[in-house]
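Residue 6 is where the sequence shown starts when you use this note's numbering, and the numbers rise one by one after that. Virtual Cβ for every residue (Gly too), placed ideally from N, Cα, C. Take a look at the structure below.
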Amino acid sequence: MARARRHDPAGVASRPVPLADALEAWIARSGIRKRLDLADVVEQWPGLVGPQIAAVTRAMAVSPDGTLVVRVASASWATELGLMAPSILTRVNGSRKGRVKGIRWLVGPLDQR
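This is the structure in structure tokens:
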């Protein structure tokens with residue numbers, strides 16, 4: 006006995022597709038690609054800002070509205086980095102599809118997650 010073919014809601018028979026292709030299509034439709042691109046900022050932070058800034062900061066997360074949350078070792082560094090925010094945003098965004106809209110500096114211990 007032959008198995009019934011699945012049909013999409015429009016009534017068109019669908020063919021099996023590789024899982025990787027199906028996932029990529031879902032990612033494209035869902036809008037999650039932008040979030041994945043933004044999440045890379047946290048991992049790439051030290052390379053994006055250089056060793057001096059990376060030594061006194063830790064990128065924590067990117068909020069849904071595109072705000073990068075960064076922990077800073079001291080208030081004086083937070084003030085300095087606030088003045089540097091436009092140039093840091095330019096480096097962070099580069100050619101990235103998902104755009105970081107702003108940076109929120111949180112003063113506190115760098116080892117906290």
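- Your pair W82 and V61 checks out as a contact, with CB atoms roughly 5 Å apart and the cut at 8 Å.
- Counted as a single uninterrupted DSSP element, the beta strand (DSSP E) harbouring L111 occupies residues 107-112.
- For R34, there is no enclosing beta strand (DSSP E); the residue is part of the alpha helix (DSSP H) that begins and ends at 24-35.
- Inside the stretch 45-114, DSSP marks whole alpha helix (DSSP H) runs of 4 or more residues at positions 56-59, 80-98, from first to last along the chain.
- Nearest in C-alpha terms to V67, of all of R34, E48, S92, is E48.
- Its Cα nearest to that of M65, the residue I108 stands out among I108, S19, D26.
- Looking at the backbone, the Cα of G52 and that of A78 are separated by about 18 Å.
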